[in-house]
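> Sharing a structure, written as C-alpha cells. Questions coming.
Chains as they are written, first to last, in this note's numbering: chain A, 1 to 594; chain B, 595 to 1188.
Structural data, given as C-alpha cells:
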C-alpha cells in the first residue's frame, strides 16, 4: 500500500498551527496558500511516484561496497536525479548560492514527505543540507560559491565527519589531525566512523566536512577545527582532478536504514588527504553546532515521517483484515479489525501522536523562519530563543515516540507484522536509529536542561507555560472542547513543577536533576505536542462553526486532539513524579549493584 | 559478552517471593534449596556453555528450506542433543510418561535460562512442551505412551497447527477439514501458516497437532477438533514408517527469531494426511486452551528472558565504554558511561522491570504448582483461579515490557547498538514477536477482562488488591522502606478504580471498557510486578537485618525495588485516567476519520 502525502493535514497545520500566512507576511515572502498547495502537490507527486517505490527495494537490496566504491540501491540514482533536477535540494537555501530561498516552514512539509517516502534515501539530501549550512555559517565567500551551487544542483553531495571509534557523543576525544602545508592547505589524517553517505555513486564528488586537530590545538573541545576534504580534488577552473587521499574501508551492517551507506572513512593513509580550513582554527565545534541544530530538527522530522508511513500502512491493513466478531455483539459476523476497540485505540494513539508531533514541528519551523529572517531584531531574538528551546524537543520527543508508534504499527498487523515482506517491520527497524544519531536523546536532554532551561533561568520554558494557560482558558470557553482543558492544565502544572525542580536543584544536586533529564524532555514534548493539538482543535472548531470546510476532517481533528488529552497527556503527571520523587533512587544507586 | 544465568536473583526470588520451600512442602516434593541450587547450576552450565553460543550464529545463519526439508542453524543439533539427553525436556512432565515430575516453579527458572540463551532454539522445546500438555489433557492412554516418552527423549518433537491465512486470532474461521476413514483414522486437508518448527532436522519425527473440522461439525469455534498428524507414520512396533502427506511449502522471512523455522505446512495434497482424533470431536479448542495457558505463560517467560540478556549486554557495555565527563564535575576526565545519570536510569529501568517481572512470574509458577498438585481441593481451586488471572498478565505484561527494555538496551549502546554485530539489535528484533504470538496482547486483555475479571465479578482481582494493602502496611512499618508504601498504595487505588469501572460498564458500554483493555492489563501488570518487588524488598530487609547474607546484593535489591516504586508505578495513575476518562474518545471515534 503506497505512501500518500497527508496534504490536507499538512496544509491545515501550516495554516492554523504554524500561522503560515502571518509568517510569510512577516518575512515578506510572496506566496499565498494556493501557491503553497501547488508546491506541496509537486512534492507529493515526486515523492509518491518516484521516491517511495525505492523504500522497500532499498531495504532488501542495501547499498554495498565493491572495489572500494559504494554502489547504492536500485532506483536511487533515478530518484536523486529527479529530486535535484526538480530543485528540491535548494528549496530553503539562499538564492545567492543557487537555492530558492523559500521558508523553512514550507521546506519542513516537503522534508516530511521525502522522509516518509524513503528515510535511507533522504539522508543523502539531509547530510548535504547540513554541509551547506556549515559552509554558509563559516565558509569563505569563495568556498560558498565554489561548493554550494554544485551541491544544490546534485552534481556533488556533502558529508559530516565527526565520530571516531573513541569519540561518539564526546567530541572532546577527537584525535584526527590536520597538518598545515606551506600552500595554506592541510594534510588530514584519521579514521572516521558512522559516516552517512560517506561514499556513494549518486554524484560525481563528495564534499566531506571533517573535524580534526591542528598540531598547536589545545586539548578538548576547544581544539577542534573544521576542514573541507573533497573526495576528488577540484581544479581552479572547477573541473574535477585526481582522487583525494580518502578511502572507504567498510560499510556497517545495520538494524535499519539499510540502503543508507554508513561508512568507515580513512583519511590520509597515502601521505595525507588535502583539506581546507573552514573559518578559523579551533572553532570547528561552534560551526558544527549551528549546523547541528538544523540537522537535529531534520532528524525530528524523520521521526514524524516514519510514524506517518507506519500509520498509513497499519490503518490500511486494519481496514481490510477481517477477524473476530465485535465485542458489543452488534453483529455475529467477523468484522474488519479497525472496528475492534483495541485496534482503534492503537490507531488513535498513532494518529494523535503524529498530529501532535506535526503540529509542534511545523510551529517550530515557523519560529526558525522568524528567528532568522524577521526584520525586527528583538522579534528575531525572541523567536530564536524559542526555536532553540524547541529543537531538542522536536529531535528527542518525535524520535522517541517513533519507536513506540512504529512498534504499534507492527502490533496492528498481528503475525503479519513480524514478516518482513509486509513492510511494517522495516519502519520499526528504521526508526531505531533516530533517538541515537545527531545526538542521543540524553544529549538532547542535557541541551534542554543546560543551554535551554538553566541558562536563561527558565524564562523561555516558563513563557511557554503562560501561553499554554491561555489555550486552556480558550478551551474552557468552548463547550464542545471543554473536556480538553483540564488534562492540558494538569500537564502544564506538572511541567511547571519540573522546570522549577530543575532550576532549583541543578547546582546542588546535578545527579538528581540529570537522572530525570530524558523524562523532562518527554514531559515537555508531550505537553508541547498536546498544546499545539489543542490549538489545532480550536481552529477546527472555528472552521466547523463557519461551516466552510470539510466536516469529517474537522470532526476527526477535534476527536483526535481529545484522545491526545485523555489518553496521552496524563503521562506527564507520572513523569513529574518520577523526576521529582525518583531522582535520588538513581543518583544514590551504587553502580556495583548493577 | 556471554550470558551468565542470574542464579543469585533467581534463588532469592524462588525462595522469598515464590515461597519455594512452602510450595515444595505442600506438594510433598522432596527437594531442598541446596538441591535446587544444584539443578540450577547444571542448567546454567548447559545454557551458558552450549546453548548461548548458538544465539548470534542462528541470527546470522537462519534455518532454511532445502529440497522441501528444513536445515537448522549451526550448533542447533548439538544443543538439542545436549538438552534432551540431559533430561531437560521432561523436567516438569509426569514420571509416568518419562518425565521427572519436578515443580513448574523450578522448571520456570530453567525455562528462563534457556530462553535467555537462545529464544529461537528454545521455541522447539516450548512447542514440544505444548504438544505434550495437549496429549496429557485429551489424548488416550495409548497416545500418551506412544508419543510422549519419545518427545521427552528428543527422538521426536511436537508442533501446534492452529493458524490459517484467514484464521489468526479468530479460530472460528478455521477451514482445514478431516474426513473420517473406515479404519477410525482421518484424512486431513488444509493449509496451516506460522507453524513454529513445523519442519526441522533436530529429530527424526514431528508430532503435528492440527485443528480441523469434521464433515458434520457445526460452524464456528464449537466445530473444531484436534488431530495428531505425524510427519512420518509410526508403525505398530514403534518404528517409523513412510512419510505422511504433509509438506513444508516455505519458511517465513522474519524480523527476529530468525533461526526458528516458521513454516507454511500443506496437509493432504496427495490424497490426505493420516490423522488421529485426540479426545472427542468438536472439543479441539477446549483442549487447546488448556495447553495454551501453559504456552502463554512460557511466552511470558521468554519476555523476561530476552530482557535479562539485553540488560546484561547493556550493563557490560556501559561499564566499559568511556565517554564524557560526569555532570557533577567530580572529575575532568571522561568516565565509563555507567556513571552518567541517564545511563544509570536506563539500566535501572531495565533491572527493576526484570526483577519485577521475574518476581511476578515465579510467584505465578508457584500458584500453578499449588493449583495442580496440592492435596486440598479448595486450596487447588483458589490457586487455580489466581493462576489463571495471572497468566494473561505474565504473557501480556512481560512481553510488552520486553519491547521497551530491549529498546533501552539498544539505546545504552548508542550508535553501536544499531550495528548488528553488537548483538543488542537482535534482542530488539527477537522480542517483537512476543506480544503477538500465542495470542496478541489484546487477546490476553480480552481474556483478563472477560474470563478473569467479569466472570467472578472481580473476586480474584480484588482479593489481590487486599493482599497488596497488607504489603503496603508492612512497608509503612519499616523506616528504610517506608517511602515505597505510598506509590504502591496509589497504584493499588488506581487498580481498584479500574476493576470497578470494568465491572460496572462491561455490559452497558462494552466498547468503552474494551478500549481500555490493554491499558488495564498494563496497569495490573505494573502493579503485580511492583507488589512482588516490594515483597522482595521486605525479604531483603529482613535478611539484611539478620546480617547473614550478601549485603551488596540485598542493598541493590531494595534500591531497585524503590526505583520501581518511584519511577515505574506512577504510570498506573495515568493509565487509570486514560481507561476511565478516555474510553469514549475511542468508542465514539468514527473510523472514517482515520
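Ideal placement from N, C-alpha and C gives every residue a C-beta, glycine not left out.
Counting beta carbon pairs with one atom in the region 435-451 of chain A and one in the region 394-405 of chain A, are three or more of them shorter than 8 angstroms?
Segments in contact, yes.
> List the whole-angstrom C-beta distance separating residue 752 of chain B from residue 724 of chain B, where the pair is believed to meet the contact cut-off of C-beta under 8 angstroms.
Within the second chain, the letter at position 158 stands for residue 752 of chain B. Within the second chain, the letter at position 130 stands for residue 724 of chain B. About 7 angstroms; that satisfies the 8 angstroms criterion.
> Are the beta-carbon atoms of residue 678 of chain B and residue 721 of chain B separated by less than 8 angstroms?
For this step, residue 678 of chain B is matched to residue 84 along the second chain. For this step, residue 721 of chain B is matched to residue 127 along the second chain. Their beta carbons are not under 8 angstroms apart, which means residue 678 of chain B does not touch residue 721 of chain B by this criterion.
> Scan the region 876-896 of chain B for residues whose Cβ lies nearer than 9 angstroms to a Cβ of chain A and list them as they occur along the chain.
Residues: none.
> If you run the structure through DSSP and keep just helix, strand and coil, what is residue 542 of chain A?
Against the first chain, residue 542 of chain A aligns to sequence position 542. DSSP places residue 542 of chain A in helix when its eight states are reduced to three.
> Alpha helix (DSSP H) containing residue 610 of chain B: first to last residue?
Start at 1 with the first residue of the second chain, and residue 610 of chain B comes out as number 16. Looking at the DSSP string, the run of the alpha helix (DSSP H) that includes residue 610 of chain B is 601-610.
> Hey, out of B:1109, B:930, B:828 and B:1165, whose CA is closest to residue 1118 of chain B's CA?
Taking the first residue of the second chain as 1, we reach residue 1118 of chain B at position 524. Selected option, being the one with the closest Cα: B:1165.
> Where does residue 177 of chain A sit, in a helix, a strand or coil, going by DSSP?
Locating residue 177 of chain A in the first chain gives position 177, counting from the first residue. In the structure shown, residue 177 of chain A sits in a strand (DSSP, three-state: E or B).
> Report yes or no: do three or more beta-carbon pairs, one from the region 607-625 of chain B and one from the region 1127-1137 of chain B, lie closer than 8 angstroms?
Touching, yes.
> Helix, strand or coil for residue 641 of chain B, going by three-state DSSP, please let me know.
Counting from 1 along the second chain, the entry for residue 641 of chain B is found at position 47. Correct three-state label for residue 641 of chain B: helix.
> Going along the chain, which unbroken runs of the alpha helix (DSSP H) with 4 or more residues stay wholly within the region 927-990 of chain B?
The qualifying runs are 935-967.
> Can you list, in chain order, the residues of the region 389-400 of chain A whose Cβ is nearer than 7 angstroms to any Cβ on chain B?
The region 389-400 of chain A vs chain B, Cβ under 7 angstroms: nothing.
> Which residues mark the beginning and the end of the beta strand (DSSP E) in which residue 1093 of chain B is found?
Along the second chain, read from residue 1 onward, the residue named residue 1093 of chain B stands at position 499. Per DSSP, residue 1093 of chain B belongs to no beta strand (DSSP E); it is in the alpha helix (DSSP H), 1079-1099.
> Determine the direct distance from the alpha carbon of residue 1014 of chain B to that of residue 864 of chain B, and round the result to whole angstroms.
Here the question's residue 864 of chain B lines up with position 270 in the second chain. Here the question's residue 1014 of chain B lines up with position 420 in the second chain. Spanning the two alpha carbons is a distance of roughly 43 angstroms.
> Let me know the secondary structure DSSP gives residue 1049 of chain B once reduced to three states.
Counting from 1 along the second chain, the entry for residue 1049 of chain B is found at position 455. Correct three-state label for residue 1049 of chain B: coil.
> Out of curiosity, what's the CA-to-CA distance linking residue 1103 of chain B and residue 80 of chain A?
The residue labelled residue 1103 of chain B in the question sits at position 509 within the second chain. The residue labelled residue 80 of chain A in the question sits at position 80 within the first chain. Cα to Cα, residue 1103 of chain B sits roughly 53 angstroms from residue 80 of chain A.
> For residue 668 of chain B, write down the residues that DSSP places opposite it in a beta bridge.
In the second chain, the residue the question calls residue 668 of chain B occupies position 74. BP columns for residue 668 of chain B are empty, so no partner.
> I need the boundaries of the beta strand (DSSP E) containing residue 311 of chain A, first residue and last residue.
In the first chain, residue 311 of chain A corresponds to position 311, counting from 1. That residue, residue 311 of chain A, is in no beta strand (DSSP E); its alpha helix (DSSP H) goes 284-320.
> Could you check whether residue 757 of chain B and residue 860 of chain B sit closer than 8 angstroms to each other, using their CB atoms as the reference points?
In the second chain, counting from the first residue as 1, residue 860 of chain B sits at position 266. In the second chain, counting from the first residue as 1, residue 757 of chain B sits at position 163. No. Outside cutoff.
> Mind checking which residues open and close the alpha helix (DSSP H) that includes residue 743 of chain B?
Here the question's residue 743 of chain B lines up with position 149 in the second chain. Residues 735-746.
> Determine which residues share a DSSP beta bridge with residue 110 of chain A and list them.
One-based indexing of the first chain puts residue 110 of chain A at position 110. Paired residues: none, contrary to the question.
> Please check if any C-beta of chain A sits within less than 8 angstroms of the C-beta of residue 597 of chain B.
Translated into the one-based positions of the second chain, residue 597 of chain B becomes position 3. Residue 597 of chain B does not count as touching chain A.
> In three-state DSSP terms, what is residue 61 of chain A?
On the first chain, position 61 is the one that residue 61 of chain A refers to. Looking at residue 61 of chain A - three-state DSSP - the assignment turns out to be coil, as it is neither helix nor strand.
> Tell me whether the region 1153-1165 of chain B and the region 934-948 of chain B touch, counting them as touching only if at least three CB pairs, one residue from each stretch, are closer than 8 angstroms.
As far as the Cβ criterion goes, the region 1153-1165 of chain B touches the region 934-948 of chain B, which means the pair count is three or higher.
> Inspect the beta-carbon positions of residue 187 of chain A and residue 268 of chain A and report whether they are closer than 8 angstroms.
Looking up residue 187 of chain A in the first chain gives position 187. Looking up residue 268 of chain A in the first chain gives position 268. Cβ distance < 8 angstroms, so residue 187 of chain A and residue 268 of chain A count as in contact.
> Cβ of residue 762 of chain B within 8 angstroms of Cβ of residue 414 of chain A?
Position 168 of the second chain holds residue 762 of chain B. Position 414 of the first chain holds residue 414 of chain A. Contact: yes.
> Which residues in the same chain as residue 796 of chain B place their Cβ atom closer than 7 angstroms to its Cβ, once the five residues preceding and following it in sequence are excluded?
Here residue 796 of chain B refers to the residue found at position 202 of the second chain. For residue 796 of chain B, where only same-chain residues beyond five positions count, the Cβ hits under 7 angstroms are 666, 670, 671, 674, 718 and 751.
> Note the first and the last residue of the continuous alpha helix (DSSP H) segment covering residue 236 of chain A.
Numbered from 1 along the first chain, position 236 holds the residue referred to as residue 236 of chain A. From DSSP, residue 236 of chain A is part of no alpha helix (DSSP H); its letter is neither H nor E.
> Can you check whether the CB of residue 793 of chain B is closer than 8 angstroms to the CB of residue 855 of chain B?
Residue mapping note: residue 855 of chain B aligns to position 261 of the second chain, counting from 1. Residue mapping note: residue 793 of chain B aligns to position 199 of the second chain, counting from 1. Yes; because the gap between Cβ atoms is below 8 angstroms, this pair is in contact.
> My assumption, with CB atoms under 8 angstroms, is that residue 43 of chain A sits in contact with residue 118 of chain A. Please give the rounded CB distance.
Here residue 43 of chain A corresponds to residue number 43 of the first chain, with the count starting at 1. Here residue 118 of chain A corresponds to residue number 118 of the first chain, with the count starting at 1. Not quite, the Cβ-Cβ distance comes to about 14 angstroms (not below 8 angstroms), so this is no contact.
> Give me the Cβ distance between residue 258 of chain A and residue 1012 of chain B, rounded to the nearest whole Å; I'm assuming they're in contact under 8 angstroms.
The count along the first chain starts at 1 and reaches residue 258 of chain A at position 258. The count along the second chain starts at 1 and reaches residue 1012 of chain B at position 418. The Cβ separation is near 11 angstroms, so there is no contact.
> Only counting the same chain, and skipping five residues up and downstream in sequence, which positions put a Cβ closer than 8 angstroms to that of residue 827 of chain B?
Mapped onto the second chain, residue 827 of chain B falls at position 233. So the list reads 834, 835, 836, 837, 838 and 868, once near-sequence residues are dropped.
> Roughly how many whole angstroms lie between the Cα atoms of residue 691 of chain B and residue 684 of chain B?
Here residue 691 of chain B refers to the residue found at position 97 when the second chain is read from its first residue. Here residue 684 of chain B refers to the residue found at position 90 when the second chain is read from its first residue. Distance between the alpha carbons of residue 691 of chain B and residue 684 of chain B: 9 angstroms.
> Under 8 angstroms between C-beta atoms, does residue 428 of chain A make it to chain B?
Residue 428 of chain A sits at position 428 when you count from the first residue of the first chain. Residue 428 of chain A counts as touching chain B.
> Starting from residue 754 of chain B and walking both ways along the alpha helix (DSSP H), at which residues does that stretch end?
Indexing the second chain from 1 puts residue 754 of chain B at position 160. No alpha helix (DSSP H) contains residue 754 of chain B, which is instead part of the beta strand (DSSP E) from 750-755.
> Excluding sequence positions up to five away, which residues of its chain have a Cβ less than 7 angstroms from the Cβ of residue 777 of chain B?
Here residue 777 of chain B corresponds to residue number 183 of the second chain, with the count starting at 1. Closer than 7 angstroms at Cβ, skipping near neighbours: no residue.
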